[in-house]
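Asks:
There are 2 protein chains.
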Amino acid sequence: MTPTIGVFDSGFGGLTVLRALVARLPQARFAFLGDTARLPYGSKSRRTIARYAAESAQFLVREQGAEFLVIACNTASALALDAIQDAVPVPVLGVIQPGAASARAASRTGDVLVIATDATVQSHAYTAACRAQGLRALEKACPLLVPLVEEGWIEFPASFNAEPRAAQAEAASPQVAQVAVTAEVIRIYLAELLAAAAAQGLTPDALVLGCTHYPLLRPLLERAVPAGMRVIDSAEAAAEAAVKLFNGRATLPPGTPIQEHIDLQCFATDSVDKFERLGSRFLGRPTGKVSLVDLGG
Amino acid sequence: MTPTIGVFDSGFGGLTVLRALVARLPQARFAFLGDTARLPYGSKSRRTIARYAAESAQFLVREQGAEFLVIACNTASALALDAIQDAVPVPVLGVIQPGAASARAASRTGDVLVIATDATVQSHAYTAACRAQGLRALEKACPLLVPLVEEGWIEFPASFNAEPRAAQAEAASPQVAQVAVTAEVIRIYLAELLAAAAAQGLTPDALVLGCTHYPLLRPLLERAVPAGMRVIDSAEAAAEAAVKLFNGRATLPPGTPIQEHIDLQCFATDSVDKFERLGSRFLGRPTGKVSLVDLGG
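Protein sequence lines, in the order shown, are assigned to chains A and B.
Take 1 as the starting number for the first sequence in the working numbering and just add one per residue.
Take 1 as the starting number for the second sequence in the working numbering and just add one per residue.
As structure tokens, this is what we get:
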């Protein structure tokens with residue numbers, strides 16, 4: 001029987017982690033839970049986040065039979081990984097340690113920058129995980145980036161780069177004005193972060209995306225970072241780590257066919273409409289029907 | 001004994017309504033509850049919002065002795081006013097009907113625009129309240145404005161308008177770049193809304209601020225609206241309506257002294273730090289110590 005991988009997030013941003021997992025384990029079964037009734041975890045206390053995350057993890061293990069959990073939520077990984085591991089009898093993997101390990105592999109100077117939500121930054125979990133890798137990290141909260149991603153102000157029109165004439169014609173278009181706002185917000189945040197790094201004598205050469213929404217901003221971030229700075233995606237790093245751990249425990253029989261349609265069931269605690277509407281942008285394919293579950297919160 | 005007015009919001013944005021109330025009733029006692037553990041209501045379903053709001057209202061009435069409730073939250077006013085009124089035995093006033101009445105008083109054309117959160121717009125509560133006043137309303141969700149207010153990207157430096165030379169020097173300053181982002185977001189949202197109004201043959205001459213965070217954007221919004229368009233603040237309108245209702249029920253004895261320090265106690269269900277840090281910006285004075293309460297959510 002195909003093992004089930006449970007993937008959990010406070011919202012649907014963690015679908016970027018699921019996307020990276022599906023690409024690497026197309027034969028596995030996946031159950032994704034977004035605790036949308038209680039998002040965002042980013043503005044809540046450690047105590048509250050730990051309780052919510054433990055309840056969500058128990059749903060995936062007890063009700064959905066998950067034999068392995070990926071916490072595709074930086075805030076929960078930062079503040080509640082121990083509480084989640086205590087709440088369920090299966091292996092639990094977060095996104096922060098893999099992100100730090102990936103930064104270690106990418107950085108030559110040993111200095112890295114991290115952007116994330118307010119709660120993730122205040123936990124200093126990335127700083128601790130980077131220190132364990134021998135890295136010096138400087139973190140910055142960027143609270144406007146999640147709502148900009150959810151508004152969809154993230155992509156220049158396809159013609160914008162390809163055809164200078166079309167670009168000129170579209171320069172005043174609403175879509176270009178929107179993504180220009182996001183580019184300017186990124187510029188402001190990075191300028192503040194780079195100035196703070198310089199003031200501390202750091203010479204960073206890697207930027208860790210410490211929020212599962214941020215992979216959708218990767219093209220804009222790649223344009224905005226100084227030349228030579230690597231952009232590290234925690235979602236990709238976590239998927240890599242999960243595949244290694246998963247294969248060590250439950251290698252699929254050789255010859256297991258890759259399914260044409262991925263075996264995925266999505267659950268949300270509220271806002272199923274928004275999940276279905278925006279989720280496909282994060283997953284890179286339709287989420288299918290999202291089932292509403294009540295965790296009593 | 002001085003009567004207590006209970007003021008409720010999902011977060012601390014409703015402090016703009018409390019500010020308007022305190023200015024009009026400096027002799028009253030106030031108890032404010034921000035249900036910060038479960039914010040934002042804006043992304044949640046009617047069922048969930050109704051349960052949260054009813055629990056919060058019961059706390060203010062049963063535990064704090066509120067004899068009158070102002071729901072200083074557009075989402076809860078839009079989706080849960082009946083549920084709240086059913087849950088408590090005291091009069092309950094929302095912000096939407098007063099906002100619509102104020103728009104009626106301001107508009108000559110009978111066409112008005114409303115900006116609000118996603119959930120408030122999807123409820124069409126302002127459209128219904130405006131229709132009851134004989135107004136045609138067109139609503140638009142502006143999800144980026146709340147996080148921009150909470151980031152504090154809202155004020156040009158004091159010198160920016162006063163001294164052209166200083167303005168030039170500061171044009172490249174981080175603070176100016178930040179508020180320029182907010183001004184551009186407002187321009188984009190209003191352009192979309194005005195285009196949609198024109199396409200429907202509307203000739204709007206009033207813009208209703210249907211979110212308690214938006215009064216902090218009022219200077220930027222006043223600059224951005226077309227000449228002759230009035231900006232209507234639901235927080236001010238609700239405070240006016242509350243004073244009328246309140247005085248009809250519990251007029252204070254003549255000569256009741258105006259207190260030097262307002263009699264106000266703030267409660268939050270989580271994130272007391274953020275409440276205390278940002279709340280004063282909304283209230284226009286320090287919030288004092290915010291007490292943590294557990295509503296079991």
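We put the CB at the ideal spot given by N, CA and C, even for glycine.
Can you have a look at Asn74(A) and say buried or exposed, based on whether 16 or more other CB atoms are within 10 angstroms of its CB?
Replies: Here residue 74(A) refers to the residue found at position 74 of the first sequence. Asn74(A) is buried by the Cβ-count criterion.
Asks: Skipping 5 residues on each side, what residues in its chain have a beta carbon closer than 6 angstroms to that of Gly13(A)?
Replies: Taking the first residue of the first sequence as 1, we reach residue 13(A) at position 13. Excluding sequence neighbours, Gly13(A) sits near Thr212, His213.
Asks: Could you tell me which of Ala116(B), Pro26(B), Thr182(B), Val149(B) sits nearest to Ala141(B), measuring between CA atoms?
Replies: The sequence position of residue 141(B) within the second sequence is 141, counting from 1. Here the closest residue by C-alpha is Ala116(B).
Asks: Pull the bridge partners of Phe68(B) from the DSSP assignment, please.
Replies: On the second sequence, position 68 is the one that residue 68(B) refers to. Paired residues: Ile5(B).
Asks: Quick test of your reading: Val17(B) and Ala206(B), contact by CB under 8 angstroms. State the CB separation rounded to the nearest angstrom.
Replies: Against the second sequence, residue 17(B) aligns to sequence position 17. Against the second sequence, residue 206(B) aligns to sequence position 206. Incorrect: roughly 19 angstroms between the Cβ atoms, too far for contact.
Asks: Just grab the DSSP bridge partners of Cys266(A) for me.
Replies: Counting from 1 along the first sequence, the entry for residue 266(A) is found at position 266. According to DSSP, which records beta bridges pairwise, Cys266(A) is partnered with Phe32(A), Val290(A).
Asks: Within the continuous beta strand (DSSP E) that includes Glu139(A), where are the two ends?
Replies: Translated into positions along the first sequence, residue 139(A) becomes position 139. Unbroken beta strand (DSSP E) run through Glu139(A): 136 to 141.
Asks: Would you mind working out which of Val7(B), Gly34(B), Ile5(B), Val22(B) sits nearest Leu278(B), comparing C-alpha positions?
Replies: For the purposes of this step, residue 278(B) is taken as residue 278 along the second sequence, with counting starting at 1. The shortest Cα separation from Leu278(B) among Val7(B), Gly34(B), Ile5(B), Val22(B) belongs to Gly34(B).
Asks: What is the residue span of the beta strand (DSSP E) that Val208(B) lies within?
Replies: Translated into positions along the second sequence, residue 208(B) becomes position 208. That run of the beta strand (DSSP E) goes 206 to 209.
Asks: Within the same chain, show all residues whose beta-carbon is closer than 7 angstroms to that of Phe156(A), passing over the 5 residues directly before and after it, in chain order.
Replies: As a first step, residue 156(A) must be located in the first sequence, where it is residue number 156. Closer than 7 angstroms at the Cβ level, and outside the excluded window around Phe156(A), lie Val176, Val179.
Asks: For Ile232(A), which of Ala23(A), Val95(A), Thr4(A), Ala66(A) has the nearest alpha-carbon?
Replies: As a working mapping, residue 232(A) is identified with position 232 in the first sequence. Ile232(A) has its Cα closest to that of Val95(A), out of Ala23(A), Val95(A), Thr4(A), Ala66(A).
Asks: Ala54(A) and Ile84(A) - do their beta-carbons sit closer together than 8 angstroms?
Replies: Taking the first residue of the first sequence as position 1, residue 84(A) is located at position 84. Taking the first residue of the first sequence as position 1, residue 54(A) is located at position 54. It is a contact, given that the beta carbons lie within the stated cut-off.
Asks: Cα separation between Ser123(A) and Pro40(A)?
Replies: As a first step, residue 123(A) is located in the first sequence; it is residue number 123 there, counting from the start. As a first step, residue 40(A) is located in the first sequence; it is residue number 40 there, counting from the start. Going from the Cα of Ser123(A) to the Cα of Pro40(A) covers about 15 angstroms.
Asks: Since Lys274(B) meets chain A, which of its residues come closer than 9 angstroms, beta carbon to beta carbon?
Replies: Within the second sequence, residue 274(B) is the residue found at index 274, counting from 1. Correct list: Ser43, Asp118.
Asks: Going by beta carbon distance, what residues of the same chain come within less than 7 angstroms of Ala87(A), once the five residues before and after it are set aside?
Replies: Walking along the first sequence from the start, residue 87(A) turns up at place 87. Only Ala54, Ala57, Gln58 meet the Cβ criterion.
Asks: Who are the neighbours of Asp270(A) on chain B, taking C-beta pairs under 9 angstroms?
Replies: Sequence index remark: in the first sequence, residue 270(A) carries index 270 (1-based). What Asp270(A) touches in chain B: Ser43, Lys44, Ser45, Arg47, Thr48.
Asks: Can you list, in chain order, the residues of the segment 131 to 156 of chain B whose Cβ is nearer than 9 angstroms to any Cβ on chain A?
Replies: Cβ contacts with chain A come from Pro143, Leu144, Val146, Pro147, Leu148, Glu150, Glu151, Trp153.
Asks: Could you tell me which of Leu69(B), Ala31(B), Ser77(B), Arg187(B) sits nearest to Ser291(B), measuring between CA atoms?
Replies: Against the second sequence, residue 291(B) aligns to sequence position 291. The shortest C-alpha separation from Ser291(B) is found at Ala31(B).
Asks: Is it true that the CB of Pro3(A) sits closer than 8 angstroms to the CB of Glu67(A)?
Replies: Here residue 67(A) refers to the residue found at position 67 of the first sequence. Here residue 3(A) refers to the residue found at position 3 of the first sequence. Against a cut-off of 8 angstroms, the Cβ pair of Pro3(A) and Glu67(A) comes out as a contact.
Asks: Would you mind sorting Ser271(B) into buried or exposed? The rule is 16 or more other CB atoms within 10 Å of its CB.
Replies: By one-based count along the second sequence, residue 271(B) stands at place 271. Buried, because 16 or more other Cβ atoms sit within 10 Å of the Cβ of Ser271(B).
Asks: Compute the distance between the beta-carbons of Glu151(A) and Pro143(B), then report whether it is under 8 angstroms.
Replies: The residue labelled residue 151(A) in the question sits at position 151 within the first sequence. The residue labelled residue 143(B) in the question sits at position 143 within the second sequence. In contact: Glu151(A) and Pro143(B) (Cβ atoms closer than 8 angstroms).
Asks: Would you list, in chain order, the members of the segment 9 to 39 of chain B that have their beta-carbon closer than 8 angstroms to a beta-carbon of chain A?
Replies: So the list reads Thr36, Ala37, Arg38, Leu39, given in the order they occur along the chain.
Asks: Kindly indicate which three-state DSSP category Ala116(A) falls into: helix, strand or coil?
Replies: As a first step, residue 116(A) is located in the first sequence; it is residue number 116 there, counting from the start. DSSP places Ala116(A) in strand when its eight states are reduced to three.
Asks: Does any residue of chain A bring its CB to less than 8 angstroms from the CB of Glu184(B)?
Replies: Indexing the second sequence from 1 puts residue 184(B) at position 184. Chain A contact via Cβ: present.
Asks: Measure from the alpha carbon of Val92(A) to the alpha carbon of each residue in Ser102(A), Ala105(A), Ala72(A), Arg108(A), then state which is nearest.
Replies: Here residue 92(A) refers to the residue found at position 92 when the first sequence is read from its first residue. When each option's Cα is compared against that of Val92(A), the closest is Ala72(A).
Asks: Give me, in chain order, the residues of the same chain whose beta-carbon lies closer than 7 angstroms to that of Gly65(B); leave out the 5 immediate sequence neighbours on both sides.
Replies: Taking the second sequence and counting its residues from 1, the one referred to as residue 65(B) is at position 65. These residues qualify, in order along the chain: Thr4.
Asks: Whose C-beta lies closer than 6 angstroms to the C-beta of Phe267(B) among residues of the same chain, with five residues either side of it excluded?
Replies: Numbered from its first residue, the second sequence carries residue 267(B) at position 267. Cβ neighbours of Phe267(B) beyond the five flanking positions: Leu33, Ser291, Val293.
Asks: Check each residue of the segment 212 to 241 of chain B: if its Cβ is closer than 8 angstroms to any Cβ of chain D, include it; give the result in chain order.
Replies: Protein chains A and B are contained in the structure displayed, whereas chain D is not.
Asks: Could you check the C-alpha separation between Ser10(A) and Tyr52(A) for me, to the nearest Å?
Replies: Within the first sequence, the letter at position 10 stands for residue 10(A). Within the first sequence, the letter at position 52 stands for residue 52(A). Their backbone Cα atoms lie some 9 angstroms apart in a straight line.
Asks: Please report the straight-line C-alpha distance between Ser234(A) and Arg108(A), rounded to a whole angstrom.
Replies: Position 234 of the first sequence holds residue 234(A). Position 108 of the first sequence holds residue 108(A). When rounded, the distance between both Cα atoms is 18 angstroms.
Asks: Which residues in the same chain as Gln265(A) place their Cβ atom closer than 6 angstroms to its Cβ, once the five residues preceding and following it in sequence are excluded?
Replies: Translated into positions along the first sequence, residue 265(A) becomes position 265. Result list for Gln265(A): Ala31, in chain order.
Asks: Please work out which residues of its chain come closer than 8 angstroms, Cβ to Cβ, to Ala119(B), disregarding the five sequence neighbours upstream and downstream, and give them in chain order.
Replies: Locating residue 119(B) in the second sequence gives position 119, counting from the first residue. Correct list, in chain order: Tyr41, Gly42, Ser43, Lys44, Ile49, Thr75, Ala78, Leu79.
Asks: Closest to Ala191(A) by C-alpha separation, out of Gln133(A), Pro226(A), Arg47(A), Thr287(A), would be which residue?
Replies: Within the first sequence, the letter at position 191 stands for residue 191(A). When only C-alpha atoms are compared, the closest one is Pro226(A).
Asks: Assign Gly134(B) to one of two classes, buried (16 or more other C-beta atoms within 10 Å of its C-beta) or exposed (fewer than that).
Replies: For the purposes of this step, residue 134(B) is taken as residue 134 along the second sequence, with counting starting at 1. It counts as exposed.
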